[in-house]
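A.B. asks:
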Amino acid sequence: MNMTTLPEMRDLAQQLLTCEAAGGKTSEPVGSATLRVYEKLRTRLGELAGTAGFQSLASRALTLAKSEDPSLGSVRVAVDGKLEGMSAVESPLNAEKDEIQEGGVVLFSRLFGLLLIFLGEALTMNLIRDVWPDAALGDGNSENGREV
Amino acid sequence: MSTRDKVEINKLPTGVPGLDEIVGGGLPEFSFNIIAGAPGSGKTTLAHQLVFANATPEHPALYFTVLGESAIKMLRYQQQYTFFDPAKLPGSIRFINLSQVVLKNDLGAVLGEITKEVEKTNPAIVVVDSFRTMVRTPPNDMDLQSFIQRLALFLASWQATTFLIGEYAEEELRDNPIFTVADGLFWLRQTAERNSIVRKLQIIKLRGQASVPGLHTFRITHAGLQAFSRTFGLTARVRNPIGQRRLSFGIPELDKMLGGGVREGDSVLVAGSSGTGKSVLATQFIAEGIRHGEPGIVAVFEERPQAYAERAVSLGLDLETPQKDGKLTILYLRPLDLSVDETMHSILDAVQKIGAKRLVIDSLAGFEMALSPGFRADFRESLYRMIFALTGIGVTILSTVEVDESFTEFPFSTYSISFLTDDIIRLRYVSIDGQLRKILVVIKMRGGNHAKDIREYEITSNGVVILGKRLTNYQALISGLPVHSDRSTQEEEPCHDSEFKNQP
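And the structure:
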């Protein structure tokens, strides 16, 4: 796997962010679409891997994302796995409109890339579908390999 | 109370080939079980097989992971096994990590978390992996005992079949409250024997049903665990009545010496030194069976099936066609780290597949060498179990064994196993008239009488051919160094026991 994010993982990240952005318009949104996607993933993956397990995975994803999108430089993953500093990075205007932020796309595509490497496509997609059962998600056929 | 009024305990499949038979038909539903053993003994893989075999959307499984192996890494590795079905996650199998609760809170909080998840999911199967890390440093034994009892009571009440996985040493077996509360205790072992690894499992305890006692070997392959029962999976099988038929070698003179042939269901030992024709005789026995519509198995250890079949061609016997027709299987059993139970499993599978009536083991020495060193010490006992099991289902076994030629002794086998065999045919070299010639004698036939003749034979392009009549003009033939007597060679009928002669 090369430095750039896999297109399939970007598509998946964009679909989930779109899904949350749409949901945010009909219900009362809490934070940006990016943070809502992140929190849902933190809850589900934390159940599977534990807080420490999720925290280490998210940290790795963020480090990889920062190399692709330097605007994420001030964002960090706290000890409890929560994402800190994202609201400062996202464009206030876009966040208010709940539009998809590039930083979120890069971060999630890296996180999904890691899941793909460790768990494979079937389990990764099953986990994501478990969190977003109503989202119409396409299967991303991706090559395996270590993130660099 | 009649039998019909008694509660019937449902049995769940283990998902492990061979294990259902060992545990007595399956795992008791709603039981509280411990899977114990050292690291690397296969505990987690066994638990996964149990879960994947039973979990459904209607009867889901909860798999609690605690400190120790990361759940993500565990799933990464476990999905390499063929039994792992990703489609079952997370709908049928849900993994929940409890490490944070264990690190921050006491056992009461852990019980609370398990209770909450169980009440939410209503699982049919619950696994806690590794349970040991959760209770390694309890405040005191009473707390631990109370925790275990409450957990066991709760999970049974919620109709969950539970498996706690723990790393335990065998000396911890005594006075441990966990083992007292458990309905089932599965112990996995992995020991090194010289350069081989031997895996064994034991059902130390299983309430409510009879499991097969003793240590059972198992192997972990790409398909997960496969267990090999000490009873070879034949406990439930009805033993066939002893047949009355006599099976021919296709060598009329030898059949005559055997009183008409080998009795069906017998175990025959053909003993002799190198080059005396043991394998030739064995091949003729199998080929003759196939000619009479009796499928056969040849288990070879010292040469490849292709070489074995090619050698048969030189004797005018075609083993290729019956293999293609499903009438013959030549099993080449992987050398050096086999257990007798695995060997038996392979043989039994082949027997069942083609409905074999005759089995050749060529040779016992090769068989012994193919075993892991740890099993060689029990070779005689294992042979006994194997022969008893196979002849019990009506298979006639012919084993070859090489014996060191001695001119002062007349041994039948180096294994002292003649008591395991019904019939013994001994081949040996003798020095006669400046030639190294071969003689054959039937030493024993358990099921009847046999010729006492010592007959000379040759190995020709037609296989073993018995020459002329019995050798009457030599004394001390079985010593290998006979003395020419004054009696001339006479044409005589084979001599049998009087009882045989009197048979109708």
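Protein chains in written order, with my numbering: chain A, 258 to 405; chain B, 2 to 505. Where is the CB? At the ideal position from N, CA and C, for every residue including glycine.
Please name the residue, chosen from Ile23(B), Leu428(B), Phe368(B), that lies closest to Val281(B) on a Cα-to-Cα basis.
C.D. replies: If we check each option's Cα against that of Val281(B), Leu428(B) comes out closest.
A.B. asks: Round the Cβ separation of Val24(B) and Ile126(B) to the nearest angstrom and send it over; I've been treating them as touching at under 8 angstroms.
C.D. replies: Incorrect: roughly 15 angstroms between the Cβ atoms, too far for contact.
A.B. asks: Below 8 angstroms on the Cβ atoms is my contact criterion, and I expect Val508(B) with Val271(B) to pass it. Report the Cβ-Cβ distance as a whole number of Å.
C.D. replies: It is not possible to answer for residue 508(B), since the shown part of chain B is limited to 2 through 505.
A.B. asks: Please list, in chain order, all residues of the same chain as Leu112(B) whose beta carbon is under 7 angstroms from its beta carbon, the five residues on each side excluded.
C.D. replies: Contacts found: Phe148, Arg151, Leu152.
A.B. asks: At which residues does the beta strand (DSSP E) containing Arg386(B) begin and terminate?
C.D. replies: Run containing Arg386(B): none in the beta strand (DSSP E); it sits in the alpha helix (DSSP H), 380 to 393.
A.B. asks: Along the segment 310 to 337 of chain A, what residues have a CB closer than 8 angstroms to any CB found in chain B?
C.D. replies: From the segment 310 to 337 of chain A, only Gly310, Leu314 have a Cβ closer than 8 angstroms to chain B.
A.B. asks: First and last residue of the alpha helix (DSSP H) that includes Val352(B)?
C.D. replies: Start and end: 341 to 355.
A.B. asks: Quick check: Phe33(B) and Leu156(B), are their CB atoms within less than 8 angstroms of each other?
C.D. replies: Yes, they are a contact pair.
A.B. asks: With DSSP as the reference, please indicate the residues paired to Tyr1(B) in a beta bridge.
C.D. replies: Lying before the first or after the last residue shown, residue 1(B) is absent from chain B, which here runs from 2 to 505.
A.B. asks: Can you tell me whether DSSP reads Lys445(B) as helix, strand or coil?
C.D. replies: Lys445(B) falls in the strand class under three-state DSSP.
A.B. asks: Between the Cα of Lys354(B) and those of Asp326(B), Tyr385(B), Phe84(B), Gly251(B), spot the shortest distance and give me the residue it belongs to.
C.D. replies: Closest by alpha carbon: Asp326(B).
A.B. asks: Which parts of the segment 18 to 48 of chain B are runs of the alpha helix (DSSP H), unbroken and 4 residues or longer, counting only runs that do not cross its ends?
C.D. replies: Listed in chain order, the complete alpha helix (DSSP H) runs (minimum 4 residues) inside the segment 18 to 48 of chain B are 20 to 23.
A.B. asks: Which whole runs of the beta strand (DSSP E) in the segment 422 to 475 of chain B are 3 residues long or more, in chain order?
C.D. replies: Entirely contained in the segment 422 to 475 of chain B, the beta strand (DSSP E) runs reaching 3 residues are, in chain order, 424 to 433, 436 to 446, 455 to 461, 464 to 468.
A.B. asks: Going along the chain, which residues of its own chain have a beta-carbon closer than 8 angstroms to the beta-carbon of Lys7(B), five neighbours each way excluded?
C.D. replies: None.
A.B. asks: Relative to the C-alpha of Val239(A), which residue among Pro264(A), Glu347(A), Leu274(A) is closest?
C.D. replies: Nothing in the structure corresponds to residue 239(A), since chain A is present only between 258 and 405.
A.B. asks: Using a C-beta to C-beta distance shorter than 7 angstroms, which residues of chain A count as neighbours of Leu76(B)?
C.D. replies: Chain A residues near Leu76(B): Leu376, Leu380.
A.B. asks: Any C-beta of chain A sitting closer than 8 angstroms to the C-beta of Pro124(B)?
C.D. replies: No, no contact with chain A.
A.B. asks: Compare the C-alpha of His49(B) against each of Ile166(B), Thr284(B), Glu59(B), Asp21(B) and name the closest.
C.D. replies: When only C-alpha atoms are compared, the closest one is Ile166(B).
A.B. asks: Could you tell me the distance, in whole angstroms, from the CA atom of Leu305(A) to the CA atom of Met266(A)?
C.D. replies: Rounded to whole angstroms, Leu305(A) to Met266(A) spans 21 angstroms at the Cα level.
A.B. asks: From the beta carbon of Gln146(B), is the nearest beta carbon of chain A less than 8 angstroms away?
C.D. replies: Gln146(B) does not count as touching chain A.
A.B. asks: In the structure shown, what three-state DSSP assignment does Tyr78(B) receive?
C.D. replies: Of the three classes helix, strand and coil, the one that applies to Tyr78(B) here is helix, per DSSP.
A.B. asks: Identify which residue in Ile467(B), Thr45(B), Asn463(B), Glu457(B) has its Cα closest to the Cα of Tyr475(B).
C.D. replies: Out of Ile467(B), Thr45(B), Asn463(B), Glu457(B), Glu457(B) has the C-alpha closest to the C-alpha of Tyr475(B).
A.B. asks: On the DSSP bridge list, what partners appear for Glu168(B)?
C.D. replies: In the DSSP output, where bridge partners are listed per residue, Glu168(B) has Gly38(B).
A.B. asks: Let's see if you can read the secondary structure: which residues bound the beta strand (DSSP E) around Arg200(B)?
C.D. replies: Per DSSP, Arg200(B) belongs to the beta strand (DSSP E) from 197 to 207.
A.B. asks: Would you list the residues sitting across from Arg220(B) in a DSSP beta bridge?
C.D. replies: DSSP lists Gln227(B) as partners of Arg220(B).
A.B. asks: For Asp391(A), which residues in chain B fall below 8 angstroms Cβ to Cβ?
C.D. replies: Going along chain B, no residue has its Cβ under 8 angstroms from Asp391(A), so there is no contact; the nearest lies around 15 angstroms.
A.B. asks: Would you grab the beta carbon distance between Pro29(B) and Lys12(B) for me? Rounded to a whole angstrom, and I think it's under 8 angstroms.
C.D. replies: With 8 angstroms as the limit, Pro29(B) and Lys12(B) qualify as a contact, their Cβ atoms being about 6 angstroms apart.
A.B. asks: Inspect the CB distances between the segment 348 to 367 of chain B and the segment 391 to 405 of chain B and report whether three or more fall short of 8 angstroms.
C.D. replies: Judged by Cβ distances under 8 angstroms, the segment 348 to 367 of chain B makes contact with the segment 391 to 405 of chain B, as three or more pairs qualify.
A.B. asks: Taking Cβ to Cβ, would you say Ala183(B) is nearer than 8 angstroms to Ile425(B)?
C.D. replies: Against a cut-off of 8 angstroms, the Cβ pair of Ile425(B) and Ala183(B) comes out as no contact.
A.B. asks: Counting C-beta neighbours from all protein chains within 10 Å, is the total for Lys279(B) 16 or more, i.e. buried, or is it exposed?
C.D. replies: Lys279(B) is buried by the Cβ-count criterion.
A.B. asks: Interface residues of chain A around Ala72(B) at Cβ under 8 angstroms?
C.D. replies: The contacting residues are Leu305, Ala306, Gly307, Gly310.
A.B. asks: Going straight from the alpha carbon of Val442(B) to that of Ser486(B), what length do you get?
C.D. replies: Going from the Cα of Val442(B) to the Cα of Ser486(B) covers about 20 angstroms.
A.B. asks: Would you list the one or two residues that DSSP bridges to Arg305(B)?
C.D. replies: Answer is none; Arg305(B) lacks a bridge partner.
A.B. asks: Please report how far the alpha carbon of Thr422(B) lies from the alpha carbon of Phe84(B), in whole angstroms.
C.D. replies: Their backbone Cα atoms lie some 41 angstroms apart in a straight line.
A.B. asks: Please report whether the beta-carbon of Leu368(A) lies at a distance below 8 angstroms from any beta-carbon of chain B.
C.D. replies: It does not: the Cβ of Leu368(A) has no partner Cβ on chain B nearer than 8 angstroms.
A.B. asks: Cβ atoms of Leu321(A) and Leu329(A): under 8 angstroms apart, would you say?
C.D. replies: Taking 8 angstroms as the Cβ cut-off, Leu329(A) and Leu321(A) do not qualify as a contacting pair.
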